[in-house]
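Residue numbers (my numbering), protein chains in the order written: chain A, 18 to 128; chain B, 842 to 951. Heads up, the beta-carbon is just placed ideally off N, CA and C, and yes, glycines get one too. Note that this is a predicted model, so its numbers are computed, not measured. Beneath this line is the structure, given in structure tokens, with notes to follow.
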Amino acid sequence: NAGVTQTPKFRVLKTGQSMTLLCAQDMNHEYMYWYRQDPGMGLRLIHYSVGEGTTAKGEVPDGYNVSRLKKQNFLLGLESAAPSQTSVYFCASSYSSGEQYFGPGTRLTVT
Amino acid sequence: GEDVEQSLFLSVREGDSSVINCTYTDSSSTYLYWYKQEPGAGLQLLTYIFSNMDMKQDQRLTVLLNKKDKHLSLRIADTQTGDSAIYFCADVNRDDKIIFGKGTRLHILP
Numbered sequence: 018n019a020g021v022t023q024t025p026k027f028r029v030l031k032t033g034q035s036m037t038l039l040c041a042q043d044m045n046h047e048y049m050y051w052y053r054q055d056p057g058m059g060l061r062l063i064h065y066s067v068g069e070g071t072t073a074k075g076e077v078p079d080g081y082n083v084s085r086l087k088k089q090n091f092l093l094g095l096e097s098a099a100p101s102q103t104s105v106y107f108c109a110s111s112y113s114s115g116e117q118y119f120g121p122g123t124r125l126t127v128t
Numbered sequence: 842g843e844d845v846e847q848s849l850f851l852s853v854r855e856g857d858s859s860v861i862n863c864t865y866t867d868s869s870s871t872y873l874y875w876y877k878q879e880p881g882a883g884l885q886l887l888t889y890i891f892s893n894m895d896m897k898q899d900q901r902l903t904v905l906l907n908k909k910d911k912h913l914s915l916r917i918a919d920t921q922t923g924d925s926a927i928y929f930c931a932d933v934n935r936d937d938k939i940i941f942g943k944g945t946r947l948h949i950l951p
């Protein structure tokens with residue numbers, strides 16, 4: 018099993034550009050999450066999904082959109098990137114809220 | 842709202858025991874978790890404890906829970922260089938949402 022994979026691993030964007038981060042899991046998990054990690058801020062939940070076709074806002078959803086068209090995939094979109102969105106983005110999946118499996122992360126820089 | 846707090850840094854000599862502490866505010870927590878994040882990687886579930894337990898031991902790891910004081914600790918015996926990482930405490934609240942602490946960076950001294 019590959020577990021949770023994320024693409025791309027690194028990306029540099031200019032302000033105003035858009036991009037989509039892809040998360041895939043092969044563990045048949047219902048729950049999937051997108052977090053961002055910034056120095057001194059810990060992990061902050063952006064959006065999450067409790068099943069195929071459902072999404073919900075987390076702690077810091079502004080500037081991001083998500084879609085869960087297939088159970089195994091969870092996409093995070095940035096429509097108009099801003100320097101404040103420079104961060105490391107982690108995807109996770111789980112059967113239950115506590116035991117989450119994390120991907121390796123995507124390091125995004127917005128200039 | 843609920844909160845989980847940890848100290849940000851801990852330095853320990855190789856071979857000594859490391860004790861990472863965590864406090865939480867949610868009295869309805871059923872499970873509490875410890876995650877480990879190595880440099881350049883995602884978080885990895887290390888261990889967890891059910892709220893009606895006081896202690897859980899797994900090889901070099903010992904988790905202690907004081908439910909009355911809402912205090913959780915992770916003890917790593919015989920700390921090794923491979924234990925250098927950020928350790929996150931987390932609990933799941935009554936709405937089934939996980940709340941992470943900001944993480945404790947463990948630095949191993951030679």
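Would you grab the beta carbon distance between residue 132 of chain A and residue 108 of chain A for me? Rounded to a whole angstrom, and I think it's under 8 angstroms.
Since the first residue of chain A shown is 18 and the last is 128, residue 132 of chain A is not available in this structure.
In whole angstroms, give me the CA-to-CA distance for residue 871 of chain B and residue 31 of chain A.
44 angstroms
Taking contact to mean at least 3 C-beta pairs separated by less than 8 angstroms, is the stretch 18-28 of chain A in contact with the stretch 57-74 of chain A?
no
Nearest-angstrom Cα distance between residue 84 of chain A and residue 118 of chain A?
Going from the Cα of residue 84 of chain A to the Cα of residue 118 of chain A covers about 19 angstroms.
How would you list, in chain order, the residues of chain A whose beta-carbon sits under 7 angstroms from the beta-carbon of residue 942 of chain B?
59
Does at least one heavy atom of the ligand ZN sit under 7 angstroms from the Cβ of residue 935 of chain B?
The model depicted lacks the ligand ZN and carries no ligand whatsoever.
Can you tell which of A:41, A:106, A:35 has the C-alpha that lies nearest to the C-alpha of residue 19 of chain A?
Nearest C-alpha to residue 19 of chain A: A:41.
For residue 107 of chain A, would you say it is in contact with chain B, using Cβ-to-Cβ distances shorter than 8 angstroms as the test?
yes
How about residue 105 of chain A and residue 53 of chain A: do their beta carbons lie closer than 8 angstroms?
Taking 8 angstroms as the cut-off, the beta carbon of residue 105 of chain A is found closer than this to the beta carbon of residue 53 of chain A.
Can you give the Cα-Cα distance for residue 49 of chain A and residue 903 of chain B, rounded to whole angstroms?
Their backbone Cα atoms lie some 29 angstroms apart in a straight line.
From this set, B:935, B:914, B:938, which residue's C-alpha is nearest residue 848 of chain B's C-alpha?
B:914
Between residue 91 of chain A and chain B, is any beta-carbon pair separated by less than 8 angstroms?
no
What does residue 899 of chain B pair with, by DSSP beta-bridge criteria?
Among the bridge pairs identified by DSSP, residue 899 of chain B is matched with B:902.
At a Cβ cut of 9 angstroms, what residues of the stretch 111-122 of chain A count as close to chain B, listed as they run along the chain?
Close to chain B, meaning a Cβ-Cβ distance shorter than 9 angstroms, are the following residues of the stretch 111-122 of chain A: 111, 113, 114, 115, 116, 117, 118, 119, 120, 121, 122.
Would you please verify whether the beta carbon of residue 904 of chain B is less than 8 angstroms from any beta carbon of chain A?
no
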